[in-house]
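**Student:** One structure is given below, represented as structure tokens, and several questions about it will come after.
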Amino acid sequence: MKKGEVYEGVVSRIAFPNKGEVILEEKTVTVKNALPEQKIRFSVNKVRGKKAEGRLLQVLEPSPLESEKVCGNFGQCGGCLYLSLPYEEQLRIKEEQVKGLLEQAVSGEFVYEGILPSPSPYGYRNKMEFSFGDAYKNGPLSLGMHKRDSFYDIVTVGDCLIVDGDYRTILQAVLAYFQKKGTSHFHRLRHQGYLRHLLVRKGAKSGEILIDLVTTSQEDMMEQPEEAEAFVGMLLDLPLEGRIAGILHTVNDSPADTVKNEGTAVLYGKDYFYEELLGLTFRITPFSFFQTNSSGAEVLYEKVRSYVGEIRGQTVFDLYSGTGTIAQLLAPVAKKVVGVEIVEEAVEAAKKNARSNGLENCEFWAGDVLKVLDDLEDKPDMIVLDPPRDGVNPKALKKIIAYGVERIVYISCKPTSLVRDLEMLQAGGYRAEKVAAVDMFPMTGNVETVALLRYQNAKRYI
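Encoded structure:
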């Protein structure tokens with residue numbers, strides 16, 4: 022096997038998150054975005070010992086497992102990986118992926134509770150950030166998702182199945198509106214143009230919708246009253262199942278391809294709605310940190326509460342707390358909950374949500390966990406960790422281990438990061454007792470994992 026050559030083979034399995042494996046010439050070739058039992062053609066990019074990496078060129082024969090409906094952009098759009106597989110097969114793949122990672126990382130015996138499904142495998146997302154661009158260089162205006170493995174090309178996802186019909190209606194209407202006007206999109210290389218993103222959020226229970234048009238300041242289109250009025254009127258006339266709570270305009274001149282709030286104006290209504298989760302109410306703004314699968318979040322947090330166990334009279338640290346969802350779910354039975362989150366806007370939202378829910382034993386700190394832990398006077402009786410995808414900073418993890426609490430509940434949106442952090446946690450005297458996966462992201466290769474770790478009174482790590 023040589024670099025640059027083209028081969029054919031059948032995918033034997035999928036390693037997390039999207040790494041198809043083909044056994045060929047006594048080598049394991051990793052090819053991203055392939056599905057189990059597909060026959061594929063691929064080019065080899067790298068060869069190292071008995072392993073190689075390849076790039077998918079063509080699916081020669083579909084997998085016999087593929088039987089589900091797909092949207093017209095499946096295979097081009099980078100949003101979904103498993104859309105053509107029955108949901109039961111998606112769950113089986115993710116369950117085995119997480120189990121395999123844990124079996125390599127966990128010292129001693131543990132209980133693996135398998136995977137909990139999302140209550141709604143289709144139409145489950147409560148937030149989408151669509152991008153403006155073109156489908157090919159100098160092509161017509163597009164609005165949707167990035168093309169798979171492409172930084173520039175945008176695929177219009179007018180029949181996307183992981184959102185409900187209101188998202189699709191809004192997307193198509195906004196695209197047609199600006200196509201007719203000939204409005205420019207922001208060019209990511211030249212840093213010129215106006216339209217950047219369309220952010221849509223919808224309350225799963227309330228049905229309220231926020232629509233936020235994100236542009237540069239290079240034109241003043243939405244600052245002109247007649248233009249803003251026409252845009253708002255077009256949206257309010259749409260036949261939607263939900264109700265539009267607010268229409269907003271956000272300016273973002275950052276060169277990075279992310280939705281960044283550099284000033285938001287309310288064109289209609291308000292800039293928030295309320296969402297209910299497990300009996301608590303949360304104020305949602307366009308930029309709130311909130312789980313994108315509302316019904317799946319209830320499944321996840323019920324599992325977290327079962328792992329947390331008895332905390333009456335105890336102080337709980339909720340580290341990487343976001344808008345304080347977990348902290349507020351635990352507060353009614355805890356003595357005190359202390360949340361730490363680096364994003365100040367999320368901390369302010371957490372404080373407001375706690376007040377509106379009548380919770381007086383929640384305290385939220387803004388700052389890096391690594392630094393804030395040195396300033397806290399409280400000492401925890403148990404700790405909940407819900408870090409970003411890359412896991413916990415090793416220096417912060419040392420400080421967390423040093424508390425020596427009996428139980429740590431670790432929530433991970435990337436099981437490989439959990440596996441990495443388990444090495445240090447186990448060296449510090451913690452043992453994985455129970456682990457469960459939760460499918461928060463159907464049709465994609467992502468999965469949440471919840472682990473209950475118990476301190477074994479071993480030699481302290483520090």
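For the sequence shown, this note's numbering assigns the number 22 to the initial residue and increments by one for each residue that follows. Think of the CB as a built atom: it goes at the ideal place given N, C-alpha and C, for glycine as much as any other residue.
Cutting at 6 Å between CB atoms, please list the residues of its own chain near Leu56, excluding the five before and the five after it.
**Tutor:** Along the sequence shown, read from residue 1 onward, the residue named residue 56 stands at position 35. Ser84.
**Student:** Pull the bridge partners of Ala458 from the DSSP assignment, please.
**Tutor:** Along the sequence shown, read from residue 1 onward, the residue named residue 458 stands at position 437. According to DSSP, which records beta bridges pairwise, Ala458 is partnered with Ile136 and Thr470.
**Student:** Could you tell me which whole alpha helix (DSSP H) segments of length 4 or greater appear in the segment 133-210?
**Tutor:** 186-202, all fully within the segment 133-210.
**Student:** To the nearest angstrom, how far is it from the Cα of Leu104 to the Cα of Ala355?
**Tutor:** Walking along the sequence shown from the start, residue 104 turns up at place 83. Walking along the sequence shown from the start, residue 355 turns up at place 334. Going by the C-alpha atoms only, they are around 41 Å apart.
**Student:** Name the two residues that bound the continuous alpha helix (DSSP H) containing Val393.
**Tutor:** On the sequence shown, residue 393 is found 372 positions in, with the first residue counted as 1. Note, Val393: alpha helix (DSSP H), Val390 to Val393.
**Student:** Report buried or exposed for Tyr157, applying the criterion of at least 16 other Cβ atoms within 10 angstroms of its Cβ.
**Tutor:** Taking the sequence shown and counting its residues from 1, the one referred to as residue 157 is at position 136. Exposed.
**Student:** Quick check on Ala286: buried or exposed, where buried means 16 or more other Cβ atoms within 10 Å of its Cβ?
**Tutor:** Counting from one through the sequence shown, the residue named residue 286 turns up at place 265. Under this definition Ala286 is an exposed residue.
**Student:** How far does the alpha helix (DSSP H) with Arg441 in it reach, from first residue to last?
**Tutor:** The residue you call residue 441 lines up with position 420 of the sequence shown. Run containing Arg441: Pro436 to Ala448, per the alpha helix (DSSP H) assignment.
**Student:** Alpha carbon to alpha carbon, what distance is there between Pro415 and Glu150?
**Tutor:** The sequence position of residue 150 within the sequence shown is 129, counting from 1. The sequence position of residue 415 within the sequence shown is 394, counting from 1. Roughly 31 Å between the two C-alpha positions.
**Student:** Check for me: the beta strand (DSSP E) holding Ile421 runs from which residue to which?
**Tutor:** By one-based count along the sequence shown, residue 421 stands at place 400. Counting along the chain, Ile421 falls outside any beta strand (DSSP E), though it belongs to the alpha helix (DSSP H) covering Pro415 to Ala423.
**Student:** Secondary structure at Arg69, three-state DSSP: helix, strand or coil?
**Tutor:** Position 48 of the sequence shown holds residue 69. Reduced to three states, the DSSP call for Arg69 is strand.
**Student:** Could you check where the beta strand (DSSP E) with Ser342 kicks off and where it finishes?
**Tutor:** For the purposes of this step, residue 342 is taken as residue 321 along the sequence shown, with counting starting at 1. Here Ser342 belongs to no beta strand (DSSP E), and DSSP marks it neither H nor E.
**Student:** With three or more C-beta pairs closer than 8 Å as the rule, is the segment 351-368 touching the segment 380-388?
**Tutor:** Segments in contact, yes.
**Student:** Thinking C-alpha only, which one of Phe252, Ser152, Leu474 and Met461 is nearest Ser141?
**Tutor:** By 1-based counting over the sequence shown, the position of residue 141 is 120. Of Phe252, Ser152, Leu474 and Met461, the residue nearest in Cα terms is Met461.
**Student:** DSSP on Gly93, reduced to helix/strand/coil?
**Tutor:** If you number the sequence shown from 1, residue 93 lands on position 72. It is coil, neither helix nor strand.
**Student:** In the DSSP assignment, what residue or residues form a beta bridge with Phe252?
**Tutor:** The sequence position of residue 252 within the sequence shown is 231, counting from 1. For Phe252, which the question treats as bridged, DSSP gives no partner whatsoever.
**Student:** Identify every residue that forms a DSSP beta bridge with Cys383.
**Tutor:** In the sequence shown, residue 383 corresponds to position 362, counting from 1. BP columns for Cys383 point to Val358.
**Student:** Which partner residues of Ser64 appear in the DSSP bridge assignment?
**Tutor:** Here residue 64 refers to the residue found at position 43 of the sequence shown. Val27 and Arg76.
**Student:** Which partner residues does Phe303 have in the DSSP bridge list?
**Tutor:** Along the sequence shown, one-based indexing puts residue 303 at 282. According to DSSP, which records beta bridges pairwise, Phe303 is partnered with Glu296.
**Student:** What first and last residue would you give for the alpha helix (DSSP H) that runs through Gly330?
**Tutor:** Numbered from its first residue, the sequence shown carries residue 330 at position 309. No alpha helix (DSSP H) contains Gly330, which DSSP labels as neither H nor E.
**Student:** Please work out which residues of its chain come closer than 8 Å, Cβ to Cβ, to Val430, disregarding the five sequence neighbours upstream and downstream, and give them in chain order.
**Tutor:** By one-based count along the sequence shown, residue 430 stands at place 409. Excluding residues within five positions, the ones whose Cβ falls inside 8 Å are Val325, Tyr328, Val329, Met403, Ile404, Val405, Leu406, Val471, Ala472, Leu473 and Leu474.
**Student:** At what residues does the alpha helix (DSSP H) containing Ile347 begin and finish?
**Tutor:** Your numbering for residue 347 matches position 326 in the sequence shown. Start and end: Thr346 to Leu351.
**Student:** Spatial neighbours of Asp274 within its chain, please: C-beta separation below 7 Å, excluding the five flanking residues on both sides.
**Tutor:** By one-based count along the sequence shown, residue 274 stands at place 253. Correct list, in chain order: Thr237, Ser238 and Glu283.
**Student:** From what residue to what residue does the beta strand (DSSP E) around Lys291 run?
**Tutor:** If you number the sequence shown from 1, residue 291 lands on position 270. Careful: Lys291 lies outside any beta strand (DSSP E) and carries neither H nor E.
**Student:** Bridge partners for Phe338 per DSSP, in chain order?
**Tutor:** Looking up residue 338 in the sequence shown gives position 317. According to DSSP, which records beta bridges pairwise, Phe338 is partnered with Val359 and Ile404.
**Student:** Within the same chain, show all residues whose beta-carbon is closer than 6 Å to that of Val440, passing over the 5 residues directly before and after it, in chain order.
**Tutor:** As a working note, residue 440 is residue 419 in the sequence shown. Around Val440: Leu122 and Ala126.
**Student:** Who pairs with Thr313 in a beta bridge, going by DSSP?
**Tutor:** Looking up residue 313 in the sequence shown gives position 292. Answer is none; Thr313 lacks a bridge partner.
**Student:** Can you tell me where the alpha helix (DSSP H) with Ala126 in it begins and where it stops?
**Tutor:** If you number the sequence shown from 1, residue 126 lands on position 105. Element bounds for Ala126: Tyr108 to Ala126.
**Student:** Spatial neighbours of Glu89 within its chain, please: C-beta separation below 8 Å, excluding the five flanking residues on both sides.
**Tutor:** For the purposes of this step, residue 89 is identified with residue 68 of the sequence shown, where counting begins at 1. Same-chain partners within the cutoff: Leu104, Ser105, Leu106, Pro107 and Tyr108.
**Student:** Do His270 and Leu259 have their C-beta atoms within less than 8 Å of each other?
**Tutor:** As a position in the sequence shown, residue 270 is number 249, starting the count at 1. As a position in the sequence shown, residue 259 is number 238, starting the count at 1. Not closer than 8 Å, so no.
**Student:** When you compare the CB positions of Val32 and Ile61, do they come within less than 8 Å of one another, or not?
**Tutor:** Position 11 of the sequence shown, counted from the first residue, corresponds to residue 32. Position 40 of the sequence shown, counted from the first residue, corresponds to residue 61. Yes; because the gap between Cβ atoms is below 8 Å, this pair is in contact.
**Student:** If you draw a straight line from the alpha carbon of Val359 to that of Cys383, how long is it in whole angstroms?
**Tutor:** One-based indexing of the sequence shown puts residue 359 at position 338. One-based indexing of the sequence shown puts residue 383 at position 362. Each residue's Cα considered, the two are about 6 Å apart.
**Student:** Tell whether a beta-carbon distance below 8 Å holds between Glu469 and Val456.
**Tutor:** Position 448 of the sequence shown, counted from the start, is the residue given in the question as residue 469. Position 435 of the sequence shown, counted from the start, is the residue given in the question as residue 456. Going by C-beta atoms, Glu469 is not nearer than 8 Å to Val456.
**Student:** Where does Leu257 sit, in a helix, a strand or coil, going by DSSP?
**Tutor:** Sequence index remark: in the sequence shown, residue 257 carries index 236 (1-based). In the structure shown, Leu257 sits in a helix (DSSP, three-state: H, G or I).
**Student:** For Leu321, does the three-state DSSP call read helix, strand or coil?
**Tutor:** Residue mapping note: residue 321 aligns to position 300 of the sequence shown, counting from 1. Helix, per DSSP.
**Student:** How would you write the range of the beta strand (DSSP E) that Lys226 sits in, first residue to last?
**Tutor:** Taking the sequence shown and counting its residues from 1, one reaches residue 226 at position 205. Where Lys226 is concerned, there is no enclosing beta strand (DSSP E), given that its DSSP letter is neither H nor E.
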